[in-house]
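So the structure is just underneath, and the comments pick up after that.
Residue numbers (our numbering): 63 to 617.
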């Protein structure tokens, strides 16, 4: 309903102003939908934006198609406010299963996220990639897009050669109960230590990389075995975070099927390509000073070459590509896009994120000094269990542990995704687990409270949807916006918008619950408020699911 009205307002503003971009925003204290188009027109018409906004509001107010949407100018802003009938319909819609689902789209999307090197477990720095990526995956699917989530496995790089050498030469056995990816990391760290003590091992590493590029069967088998072992552990960590990939794509496959050779030949024909001891592309016209190297002096390809092959393969199979990359990949991401454009290929949309850290300090896989995602999940789960035990000591231990597991994932995922990707953040478990302060568990608790109210109320014989009080109306307005927030999230690739929406919904529900009695009210007021609570329950459930968080009925 809100989405339809949003686009109706958009069409009417375009017709009224002649502008294609009418600069709409949703939400706020004074409007359900607002436009700043008057600022844009002021430059063209050389009039004060306040007068332009007033003229637009006057013209639109006379249009009967607006129904009970009220339009008014507030200074330079054109504000649109929904009337009672629209709010009643919005609450009714919000009680339906699948609320927020958008119509089915035909555009096929591939989204690659996490894709950490398989030389050890995911650490805290990686999981922001995972949480941002998986939340966008869920949002795109809710928005109606057929989407495939991919993990790109680097099984040809120097790090994997070092791991493979370590397995062959160090004789380190896997410990009893040791997780596969932690075992691989232990081998990798030990192998790096051996290389520092004996630099001649570097020649053996180089030889392994040449052999795997040539397709030497035994070397390929060893590299694959090491990567598969690490991927086994990585998949378990992803599952613990409620994240799942549809496909793990092997980097070496693009060498094996000839795509890397084909991309090299295409690059060679570019006027910007140079071939001396190495093959490189001059991207200075695109604003890059550094050479974009695609082949080493020993004839082996580099990661960038195989990345080009991977993206041309994706472009053949999907209509849109999205990559989630850390801010330290901005240069290579921009070079990749520029080179694909020179080749006449579709470039990916890239979401760059700044890093998440812990108060304890930095992490480094190479030095063996890092905080793994597994350790973080284990620690936060233990803290969550303590908190749940304090709150619900009467529950059986198994139930408390199940709740703690869901609460821990909610704490981690929400605390990471609530911050816009371009801002760095520090994960503090105390804040993330705070049931009272705008955290993931805080939103879960609002859902559990709504479930409890409905359970106590029992069946409603005569549903009603009539809202008058300040808190009823504010809650109904916010419920109406959910489908547009889903659309806005995928359009702008900003998953924190979903996080903000869910938190604000919990805030508004708690205020409503505090000021407007539900179970103690009577007649139409009681039935209307119970419908509102049910709409909140359902919308929280849908929004939490899109955030990858369990909607608990009891906490």
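The beta carbon of each residue, even a glycine, is placed where N, CA and C say it ideally should be. Being a predicted model, the structure only gives us computed values, none of them experimental.
Collapsing the DSSP output to three states places residue 524 in coil. Residue 192 is positioned such that its CB atom lies closer than 8 Å to that of residue 305. Under the three-pair Cβ rule at 8 Å, the region 588-597 counts as touching the region 501-516.
Residue 143 has 132 as its beta-bridge partners, per DSSP. Around the Cβ of residue 494, a 10 Å sphere holds 16 or more other Cβ atoms; the residue is buried.
By the Cβ rule, the region 245-258 does not count as touching the region 200-213, because fewer than three pairs are nearer than 8 Å.
CA-CA distance, residue 354 to residue 220, rounds to 19 Å.
Going by C-alpha positions, residue 300 is about 36 Å away from residue 575. C-alpha of residue 248 to C-alpha of residue 307: approximately 26 Å in a straight line. Secondary structure note for residue 210: its beta strand (DSSP E) is the uninterrupted segment 209-215.
177 is the residue among 380, 76 and 177 whose C-alpha sits nearest the C-alpha of residue 214.
Between residue 194 and residue 579, the gap from beta carbon to beta carbon reaches 8 Å or more. Comparing C-alpha distances from residue 112 to each of 125, 97 and 235 shows the shortest one belongs to 97.
With fewer than 16 other Cβ atoms from the protein chains shown falling within 10 Å of its own Cβ, residue 461 counts as exposed. The shortest C-alpha to C-alpha distance from residue 446 to any of 610, 434, 246 and 497 is the one to 497. Counting only runs of 4+ residues, the alpha helix (DSSP H) found wholly inside the region 554-596 occupies 558-577, in chain order.
When C-alpha distances from residue 242 are compared across 297, 196 and 268, the shortest belongs to 297. Here residue 385 is buried, its C-beta having at least 16 other C-beta atoms within 10 Å.
When rounded, the separation of the alpha-carbon atoms in residue 101 and residue 138 is 7 Å.
Where residue 235 is concerned, there is no enclosing beta strand (DSSP E), because DSSP gives it neither an H nor an E. Of 75, 277, 490 and 165, the smallest CA-CA separation from residue 204 is found for 165.
Taking each of 548, 440 and 387 in turn and checking the Cα distance to residue 175, the smallest one comes out for 387. In this structure the region 407-416 lies against the region 474-494, because at least three pairs of beta carbons, one per stretch, are closer than 8 Å.
Residue environment analysis places residue 488 among the exposed positions, since fewer than 16 neighbouring C-beta atoms fall within 10 angstroms of its C-beta.
Scanning 92, 129 and 258 for the CA closest to the CA of residue 66 turns up 129. Closest in alpha carbon position to residue 604, among 262, 73 and 160, is 160.
Put simply, of 395, 501 and 463 the residue whose alpha carbon is nearest the alpha carbon of residue 450 is 463. Residue environment analysis places residue 261 among the exposed positions, since fewer than 16 neighbouring C-beta atoms fall within 10 angstroms of its C-beta. Partner residues in the beta bridge of residue 310, as assigned by DSSP, are 213.
By the neighbour-count definition (other C-beta atoms within 10 Å, threshold 16), residue 238 is an exposed residue. Contact between residue 511 and residue 609 does not hold, since the beta-carbon distance rounds to 18 Å and is not under 8 Å.
Of the other Cβ atoms in all chains shown, 16 or more fall within 10 Å of the Cβ of residue 383; this residue is therefore buried. Per DSSP, the unbroken alpha helix (DSSP H) holding residue 285 starts and ends at 279-302. Burial check for residue 452: the Cβ neighbour count within 10 Å stays below 16, so the residue is exposed. Under the three-state reduction of DSSP, residue 365 is assigned to helix. When 216, 105 and 200 are compared, the shortest CA-CA separation from residue 607 is found for 200.
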